[in-house]
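The sequence shown begins at 1 in UniProt numbering and counts up one residue at a time. What follows is a single structure, written as C-alpha cells, with notes after it.
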Amino acid sequence: MSIEDQKAGEAIRREVMSDEFVDRALNNANDFDQPLQDLVMENAWGGPWTRDDLPRDTRSLITIAMLIALKAPNELKGHIRGALRNGCSKEEIRAVILHATAYCGFPSAIDAMRAAREIIDNWDESA
1 MSIEDQKAGE AIRREVMSDE FVDRALNNAN DFDQPLQDLV MENAWGGPWT RDDLPRDTRS
61 LITIAMLIAL KAPNELKGHI RGALRNGCSK EEIRAVILHA TAYCGFPSAI DAMRAAREII
121 DNWDESA
C-alpha cells in the first residue's frame with residue numbers, strides 16, 4: 001500500500017465527504033473491515049479523485065450516475081452530500097437522476113430520487 005496515496009486519498013475524502021463522515025467510517029472500522037477502509041482510501045480516493053483531468057463537481061455527478069446504476073442508495077446519499085459540498089446544484093443532481101432513468105431504469109431512479117430528496121431536504125435545513 002502506498003502511504004502517499006492513502007494520505008492524499010484521506011485528505012480528498014475529508015474535503016468531499018466531511019471530517020465527520022470520514023471519522024465515523026474510520027472509527028467504526030475494526031480489525032475485520034479496516035483493510036477495506038484502507039483500500040477505499042488508497043484506491044478510490046487516492047486514485048481517481050486525486051487526478052486533475054476532471055473538476056471535482058464533474059467527478060461527483062459521474063459518481064452519482066454510477067451509484068444509481070449500481071443501485072447503491074446508501075453510498076449515493078454520501079456522494080450526494082459530497083456533490084453539494086463540491087458545488088453541484090440540486091438541479092444538476094436532479095438532472096443526473098433523470099438522465100440515468102433512461103439507462104438504469106425507473107426502479108433505480110426512484111430509489112435515487114428518494115435518497116437525493118432525503119439529503120437535499122436535510123441540506124436545505126442545515127444551510
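Glycine included, C-beta positions come from ideal geometry on N, C-alpha and C. Note that this is a predicted model, so its numbers are computed, not measured.
Between which two residues does the alpha helix (DSSP H) harbouring residue i extend?
i	result
residue 66	56 to 69
residue 104	90 to 104
residue 16	3 to 17
By DSSP, does residue i sit in helix, in strand, or in coil?
i	result
residue 33	coil
residue 51	coil
residue 86	coil
residue 44	helix
Whole angstroms is fine: what's the gap from residue i's alpha carbon to residue j's?
i	j	result
residue 80	residue 60	8 Å
residue 20	residue 87	19 Å
residue 16	residue 9	10 Å
residue 14	residue 28	16 Å
residue 32	residue 6	19 Å
residue 69	residue 115	14 Å
residue 52	residue 63	16 Å
residue 112	residue 18	21 Å
residue 56	residue 50	9 Å
residue 122	residue 2	37 Å
residue 37	residue 4	15 Å
residue 54	residue 66	16 Å
residue 25	residue 99	31 Å
residue 30	residue 82	25 Å
Could you tell me whether the segment 67 to 85 touches the segment 33 to 49, where touching means 3 or more Cβ pairs closer than 8 Å?
Inter-segment contact for the segment 67 to 85 and the segment 33 to 49 is absent: fewer than three beta-carbon pairs are separated by less than 8 Å.
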